[in-house]
Structure formats: C-alpha cells, structure tokens
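Going by numbering that gives the first Met the number 0, the first residue of the sequence shown is number 0, and it counts up by one from there.
Step one of this worksheet: look at the structure below.
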Amino acid sequence: MYQFIIDFKTLYKDIYNDLSKADRIILTLVALTFFSFPIGTAPPLILIITAFIVSVISGKFFNIKRVWQQNRLQPFFSENWIWPLLIFVALPWIGLIYVPEISDVSMDYARKTHYWLYALVIALLPVERRGITLVVKAFLAGLLVNSLFAFIQFAGLASPPTPSGIQGYFGFGVIYSALSIYLVAAILMASFFLKSAKTTAMKALNILLIFIFLSHISIMDGRNGYVTFFLLSPLVAINVIGRFEWKKVMLICLLFLLCMSFSPVLKNRISSTISNLKANQQIIFEQPWGKKVIGIMPRFYLLRSAVDIFLEHPIIGSGTGGYRYYTALEEGIPQSHPHSNILYMGASFGIVGLFSYLWLCWVMFKKSWRHREEIQGYFALSIFLVVFISGFFNSQILDSGPALFFALGYGLLNHFDKQKL
Numbered sequence: 000m001y002q003f004i005i006d007f008k009t010l011y012k013d014i015y016n017d018l019s020k021a022d023r024i025i026l027t028l029v030a031l032t033f034f035s036f037p038i039g040t041a042p043p044l045i046l047i048i049t050a051f052i053v054s055v056i057s058g059k060f061f062n063i064k065r066v067w068q069q070n071r072l073q074p075f076f077s078e079n080w081i082w083p084l085l086i087f088v089a090l091p092w093i094g095l096i097y098v099p100e101i102s103d104v105s106m107d108y109a110r111k112t113h114y115w116l117y118a119l120v121i122a123l124l125p126v127e128r129r130g131i132t133l134v135v136k137a138f139l140a141g142l143l144v145n146s147l148f149a150f151i152q153f154a155g156l157a158s159p160p161t162p163s164g165i166q167g168y169f170g171f172g173v174i175y176s177a178l179s180i181y182l183v184a185a186i187l188m189a190s191f192f193l194k195s196a197k198t199t200a201m202k203a204l205n206i207l208l209i210f211i212f213l214s215h216i217s218i219m220d221g222r223n224g225y226v227t228f229f230l231l232s233p234l235v236a237i238n239v240i241g242r243f244e245w246k247k248v249m250l251i252c253l254l255f256l257l258c259m260s261f262s263p264v265l266k267n268r269i270s271s272t273i274s275n276l277k278a279n280q281q282i283i284f285e286q287p288w289g290k291k292v293i294g295i296m297p298r299f300y301l302l303r304s305a306v307d308i309f310l311e312h313p314i315i316g317s318g319t320g321g322y323r324y325y326t327a328l329e330e331g332i333p334q335s336h337p338h339s340n341i342l343y344m345g346a347s348f349g350i351v352g353l354f355s356y357l358w359l360c361w362v363m364f365k366k367s368w369r370h371r372e373e374i375q376g377y378f379a380l381s382i383f384l385v386v387f388i389s390g391f392f393n394s395q396i397l398d399s400g401p402a403l404f405f406a407l408g409y410g411l412l413n414h415f416d417k418q419k420l
C-alpha cells in the first residue's frame with residue numbers, strides 16, 4: 000500500500016508539470032469524479048459539472064475546433080465515434096414529440112442526456128497515458144476506501160446504509176446495481192496492472208485489490224454483479240496468467256467462484272432466487288400478466304411488457320417515457336423502465352433505438368479492443384463491458400452513476416490514436 004501511495008505521488012507530479020493551469024484543475028476534477036463514484040450520485044455529478052464549467056471558462060468549448068485539431072489533427076465531426084453519440088443523445092428528445100403523454104419520467108430521461116456532454120471534458124484533456132493512469136488509480140483508491148468501510152459494516156461495527164430502501168453492505172451508500180459494475184471494472188483494471196507489474200510488491204498489491212473488490216461483490220445482495228463478474232472472470236484470469244491457457248484460466252475462474260461461495264449473502268440470494276422460481280413457475284407463465292406476477296417476480300412482467308410494446312411500435316417505439324404510459328394502461332402497476340438497456344431502447348425507440356444503442360456500443364467496443372494493451376484502451380473496454388453486460392438486466396443508461404461512467408468511458412476513445420505504448 001505504501002508503494003502504491005509513492006507511485007501515485009510520483010505519477011501526479013510527472014503529469015502536472017506538462018499541463019496548463021486550467022487542464023490541471025480539469026484533470027484533478029476528473030480524477031476526483033472517478034474517486035467519488037462509490038460515494039453516491041451527487042458527488043461525481045457535482046465534480047464533473049465543475050470540470051465542464053472550467054472547460055467552458057478556459058475557452059475549450061468556445062474554440063473546440065482548434066483544441067480538437069491541436070490534440071488530434073482532425074476536424075471535430077470527422078471523428079467516427081461522434082456520430083453514434085449525437086444520435087443516441089438526440090433520440091430521447093425526439094421521443095418527446097410522439098410519446099402519448101409527456102410525464103415527469105419523460106422529461107427526466109431526456110434531461111439525463113446531459114451526462115454525455117461530459118464525455119467531451121475527458122476527450123479534450125491533453126493528457127497521455129500517464130494522465131489516464133492517474134484517473135484509473137483514483138478510481139481504484141475510491142473503491143478501496145469504500146470496500147474497507149463495507150467490511151466494517153459486514154463485521155457489525157457500523158450500520159450499513161439503505162439507499163432506496165435496499166439493505167446491503169454498500170460502504171458509503173451507492174446502490175448495489177451501480178456499485179457492482181464499478182467493482183467489476185476495478186477488478187479488470189487491477190488485473191491489467193498486475194499483468195504489467197514489475198515488482199513483487201506491486202503484483203501482491205494488485206492481487207490483494209482483486210480479492211478485496213471480489214469480496215465486496217460477494218457481500219452485496221446483487222445478482223447482476225455476480226453474473227457480470229462471472230462472465231468477465233476469464234479476462235481477469237488471462238491477465239493474472241499473462242497469456243491465454245484455457246486450463247489455467249478455468250482453474251483461476253473456479254478459484255474466484257470458490258472464494259465467492261463462502262459469502263452467506265451470496266448463498267442466501269441464490270437460494271431465495273431458486274426457491275422463488277420453483278414456487279411460482281406456473282404463475283410466471285400464466286396469461287394475462289398483471290399485478291399477480293409483478294408482485295412475485297417483477298422482472299418477468301417488465302420483460303413481457305417491453306416486448307409487447309416493441310411489437311406494437313416496432314419502428315420508432317412508444318417514445319420517451321412511453322413504457323410507463325403503456326404499463327399504466329394494463330392491469331399491472333405503472334413502471335418507469337424495463338430494467339434492461341436493450342428492452343428500454345426497443346420499447347421506447349423501436350428498431351431505430353436498438354440500432355442507435357448497438358452502434359454506440361459497437362464503436363466503443365471496436366476502438367477499445369484494438370487498444371486493449373494500452374491503459375486507456377483497457378479502461379474504456381472495461382467500462383463498456385460492465386455496462387453492456389449488466390445492461391441486459393438493468394437500465395444502466397438511465398441510472399445517473401452508470402450513465403456518467405459510461406459517458407466518461409466513451410470520452411476515452413479520443414485518447415487512442417495519438418498514444419504510444
């Protein structure tokens with residue numbers, strides 16, 4: 000840990016010597032944004048909005064073409080990752096035009112597109128690989144502090160918070176669906192550092208971080224976090240080994256699962272899920288789906304409703320907030336979203352929405368995968384993977400923390416071509 004702090008200070012000094020005063024402030028605010036993700040929704044938003052204001056005051060956005068050309072030597076709109084971003088941001092506003100009824104939910108979802116403005120804050124930062132390393136280490140440091148506090152709660156030495164009425168060992172209070180994806184991304188990044196670590200001390204530190212973050216996932220009552228980590232654990236194993244050897248990868252993945260199996264929280268969650276499915280398997284598939292189903296197994300009702308809405312409005316969907324309008328017409332309780340990025344985009348914006356979301360994801364995946372050997376590429380890839388995979392079971396693009404996390408990861412795409420390993 001001491002070595003980590005020393006490296007962090009050295010990294011900080013090396014980076015800041017080459018930056019202007021405004022860029023130093025912006026980079027600090029971006030790093031603090033990532034550090035504060037585990038704390039809750041407000042702190043990272045306040046910090047990144049402040050960074051955006053500093054960017055505006057410093058003139059970056061008044062002369063964006065010159066700034067872009069200085070850093071990339073290409074016109075702003077020639078960037079192939081800009082177009083899917085613009086369409087993705089425009090759809091919720093266009094969806095207000097044809098939604099049957101504009102509600103508070105409709106306006107809330109449209110306003111949340113401002114998170115994607117902050118992708119430009121990180122995209123316009125004139126930092127090289129070391130600058131991104133500072134941001135990643137700040138992210139890991141924030142999660143480490145939060146996890147240690149969660150372990151104190153688990154030991155019964157402090158009362159755990161209950162965000163949105165959900166109990167669990169979350170540390171400072173961010174809800175588990177968001178915290179889970181942060182922790183999985185942190186595990187991926189710790190394994191990335193482990194792969195390139197030169198000293199035994201740094202290797203040991205990153206192994207410790209992996210198991211601290213994995214332990215924290217295991218004591219949270221979140222199935223999405225378990226599934227997301229399980230699907231991405233082979234990538235962690237490959238980094239631990241340093242190359243792909245399927246037998247060793249499987250062995251390490253089994254070791255991860257063994258470690259998680261000791262958690263009583265995880266055992267109870269899996270047991271209750273299986274019991275609930277067995278007890279209500281007939282009700283789940285009954286017709287019609289309504290209050291009876293949503294009170295027992297809400298995910299099935301949400302999925303079925305989203306599919307029905309999509310089939311009724313396949314091209315442009317039901318509009319922004321339309322999912323709530325149409326579920327209110329049924330026997331079930333009105334629902335704001337179907338707890339799935341794919342289902343939300345399909346039900347709200349139809350085939351057009353699905354194309355927009357998948358195009359955005361494809362561009363982020365393709366560019367970050369090509370640069371996965373660089374820290375900025377692997378960080379963007381990690382952010383994409385955790386949001387995309389967990390997004391099958393949660394509407395992460397509507398949740399303030401994950402949406403901002405996704406947007407900032409997307410902004411990293413501007414730091415690829417000019418970087419060298």
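Glycine included, each C-beta is placed from N, C-alpha and C at the ideal position.
Just measuring C-alpha positions, the residue of V98, S190, S19 and R222 sitting nearest S389 is R222.
Counting only residues of its own chain and dropping the five nearest sequence neighbours on each side, L342 has a CB closer than 7 Å to the CB of L302 and A305. Taking a cut-off of 8 Å for Cβ pairs, the stretch 92–102 and the stretch 18–28 do not touch, as fewer than three such pairs fall below it.
Per the C-alpha coordinates, the member of A184, A118, W245 and L95 positioned closest to Y108 is L95. Look at M219 here: in three-state DSSP terms it is coil, with no helix or strand label.
Per the Cβ contact rule, the stretch 339–355 is not in contact with the stretch 376–384 (fewer than 3 Cβ pairs under 8 Å).
Pairing V226 with I180, the inter-Cα distance amounts to about 11 Å. A196 and A203 have their C-alpha atoms roughly 9 Å apart. A residue is called buried when at least 16 other Cβ atoms come within 10 angstroms of its Cβ; I52 does not meet this threshold and is exposed. Under the rule that a run must span 4 or more residues, the alpha helix (DSSP H) segments found entirely inside the stretch 345–391 read 374–389. Measuring C-alpha to C-alpha distances from R371 to each of G349, F405, V351 and L412 identifies L412 as the nearest.
Across the set L143, A157 and P337, the C-alpha of P337 shows the shortest separation from the C-alpha of D398. The beta carbon of A327 lies closer than 6 Å to those of P333 in the same chain, with the five residues before and after it left out. Only residues of its own chain outside the window of five on either side were considered, and among them F87, N340, I341, M344 and I396 have a CB closer than 8 Å to the CB of Y356, listed in chain order.
Closest by C-alpha distance to V351, out of F171, V55, I93 and P43, is I93. A direct Cα-Cα distance of roughly 27 Å separates Q375 from L147.
At the C-beta level, F191 and Y409 stay beyond 8 Å of one another.
Beta-carbon to beta-carbon, L257 and M219 are separated by about 18 Å, too far to satisfy the 8 Å threshold. Residues of the same chain with a CB within less than 8 Å of the CB of V248, apart from the 5 flanking positions on each side, are P233, A236, I237 and I240 in chain order. With contacts defined by Cβ atoms closer than 8 Å, L407 and Y97 do not form a contacting pair. Taken through DSSP and simplified to helix, strand or coil, R242 comes out as coil. The beta carbon of P43 sits closer than 8 Å to the beta carbons of T32, F33, S35, F36, G400 and L403 from its chain, once the five residues preceding and following it are set aside; these are given in chain order. A direct Cα-Cα distance of roughly 13 Å separates L85 from C360. In the three-state reduction of the DSSP assignment, F153 falls in the helix class. For the options S367, K366, K365 and L353, the alpha carbon positioned closest to that of F391 is the one of L353. Within the same chain, G94, Y97 and V98 come within 6 Å of G318 by CB-CB distance, once the 5 residues on both sides are set aside.
Taking all protein chains in view, the Cβ of G155 is surrounded by fewer than 16 other Cβ atoms within 10 Å, so the residue is classified as exposed.
Taken through DSSP and simplified to helix, strand or coil, L123 comes out as coil. DSSP places L31 inside the alpha helix (DSSP H), whose first and last residues are K20 to S35. Around the beta carbon of F261, fewer than 16 other beta carbons lie within 10 angstroms, which makes this residue exposed. Taking a C-beta distance under 8 Å as the contact criterion, I24 and H414 do not qualify as a contact pair.
CA-to-CA, the gap between W368 and V362 works out to about 10 Å.
CA-to-CA, the gap between V385 and K20 works out to about 34 Å. The beta-carbon separation of A185 and F153, rounded to 18 Å, does not stay under the 8 Å limit for a contact. Around the beta-carbon of K366, 16 or more other beta-carbon atoms lie within 10 Å, marking it buried.
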